[in-house]
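In order, the protein sequences belong to chains A and B.
Numbering of the first sequence is given in our numbering, commencing with residue 102 and proceeding in unit increments.
Numbering of the second sequence is given in our numbering, commencing with residue 102 and proceeding in unit increments.
Note that beta-carbon positions come from the ideal geometry of N, C-alpha and C, so glycine has one too.
Accompanying notes for the structure given below.
Protein chains: 2
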Amino acid sequence: MGPTLVRQMLSTLSERGHRLTRPRQTVLRVIEASPEGFTARQVYQATRRRGIRIGLTSIYRTLNLLVRHGLIQEVHRENGEHRYLACEANHHHHAVCMACGRILDFEACGLEDLTRRVARTTRMAILGHRLELFGQCQDCRKR
Amino acid sequence: MGPTLVRQMLSTLSERGHRLTRPRQTVLRVIEASPEGFTARQVYQATRRRGIRIGLTSIYRTLNLLVRHGLIQEVHRENGEHRYLACEANHHHHAVCMACGRILDFEACGLEDLTRRVARTTRMAILGHRLELFGQCQDCRKR
DNA sequence: AATCTTATTGAAAACTTTTTCAATTGCTAT
DNA sequence: ATAGCAATTGAAAAAGTTTTCAATAAGATT
C-alpha cells in the first residue's frame, strides 16, 4: 500500500474538519501495514507493540470514523469479530461458505452500471459498495 | 409472507438434520410476522408477548442457524444491532448514507451473470448475496 | 507564545453477541 | 411406549462493541 495511503487518509479527515490526533495517526500507520485486513483487536495489539498506548475505545471510534468516510470497509465477521480492509487495497469481494465459513475471493464485480443507475434514482452520490456471495463450497457440498 | 415460509424453513432444517424444537418453531413464527425485518431483541420481545419464554441465547443461536442455511440474511447494523430479513421476502438492497445513516432501498441488482461466473471459478454453489452501496445522500451533500 | 474553544480521549459502564457447561428434550431404535 | 443418544437449551460468564462523562489536547485566535 505505501505511505501514500496514510497521507491521503489524513488529508481527507483534515479537509472534512477532523483533528489529526496521535491515536488516529497511529491507527492509520497500522492499517497501512496491514494489506490483508485487520480487526480492532489486531490494531490495538499492533499499536502496543509499537510502544504506543491507545485505549481500545479510541481504536473502535477511529475505525468507525474511517468507515463513515469511506476510507476503510467492514468486509465481514469472523468468530464474532469485525474484519476491516482499506478501500485503496486491491478491490475484491468474498464468497462465503455458509456451512464451514471458508472464504474465497473474487475480483470483477461489474457494479458500475448499477451504481450509476442507483445514483440517478436515489440522488445519492455513491462512493463505494460491499458485495458478498453466500453458498456452499465444494467440500461441504459433497456431504 | 404467509405460513408457507415457516413450513418451508422447518422442512429445510429437518432435512438437514436439525431438530424442530419449540424455541425454533416460535422464532420462525415471529419471523413470519415480520416482513419488514427484525433484530434479535425484537424477536425476543415478540416471543415473550406471545407468552413463550425463550432464552435470548437461543434466539441468537436460531438466527445464526437460519443464516447459515440461507433462510434469513443479516441486512445491516443499526445502532449496534444486527437486522435480519427473511430471504423469501421481496428481494432488495440498500444504499446507505455514510454521513447521516439514512437508508434508501433499490431493487434490481442484476447479479445473475456475476453469480454464475463466480460459481464456475470458485466451484461453490452460490445461494444468495448481499449488496450494499455507500455514499452521501442529497441532503448531506448540500453541506 | 498564550489563551480559548471544542473535538477527542480513556476508563468505566452499558449493551450486543458468543461461548461454556450442566440439564433437558427431540428423535431413533428398540 | 420406552430407553438411549446426541443435539439443543438456558443461565452465567466471557468476549466484542458502543456509550457516557470528566479530563485532555488539537487547532483557531489573539
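Spatial neighbours of B/R217 in its own chain (CB-CB distance under 6 Å, excluding positions within 5 residues in sequence) are not present. As the crow flies, the alpha-carbon of B/V128 is around 42 Å from that of A/V131. Counting other Cβ atoms within 10 Å of its Cβ, B/C201 stays below 16 and is therefore classed as exposed. Within the segment 208-220 of chain A, contact with chain B at the beta-carbon level (separation under 9 Å) is assigned to A209, C210, G211, L212, D214, L215, T216, R218, V219 and A220. Within chain A, H230 and R231 have C-beta atoms less than 7 Å from the C-beta of B/E233, given in sequence order. Taking the beta carbon of A/L166 as reference, no residue of chain B falls within 9 Å; the closest one sits roughly 11 Å away.
If you draw a straight line from the Cα of A/S159 to the Cα of B/R123, it is about 43 Å long. B/L186 sits away from A/H230, with the two beta carbons spaced by 7 Å or more. Rounded to the nearest angstrom, the Cβ distance from B/G236 to A/L228 is 5 Å, consistent with a contact under 8 Å. For B/A226, the enclosing beta strand (DSSP E) covers residues A226 to Q237. Excluding sequence positions up to five before and after A/L111, its CB lies within less than 6 Å of the CB of L121, all in the same chain and listed in chain order.
Counted as a single uninterrupted DSSP element, the stretch harbouring A/L157 is not any beta strand (DSSP E) but the alpha helix (DSSP H) occupying residues L157 to R169. Per DSSP, reduced to three states, the secondary structure at B/E116 is helical.
Rounded to whole angstroms, the Cβ separation of A/C210 and B/M225 is 16 Å, and the two are not in contact under 8 Å. By the CB criterion at 7 Å, A/L232 and A/H194 fall inside the cutoff.
Note: B/Y185 is bridge-paired with B/F139 and B/E175 in the DSSP secondary-structure output. With a 10 Å radius around the Cβ and a threshold of 16 neighbouring Cβ atoms, A/A134 comes out exposed. When secondary structure is reduced to three states using DSSP, A/A196 falls in the strand class. When C-alpha distances from A/I204 are compared across A/N165, A/C238 and A/C188, the shortest belongs to A/C238.
Around the beta carbon of A/R184, a 10 Å sphere encloses 16 or more other beta carbons of the protein chains shown; the residue is thus reported as buried. In the structure shown, A/L215 falls within a helical segment according to DSSP collapsed to helix, strand and coil.
For B/R125, the CB contacts under 6 Å within the same chain, skipping 5 residues up- and downstream, are T163 in chain order.
Residue nearest to B/N180 within the set A/N165, A/T223 and A/E116 is A/N165 (criterion: CA-CA distance).
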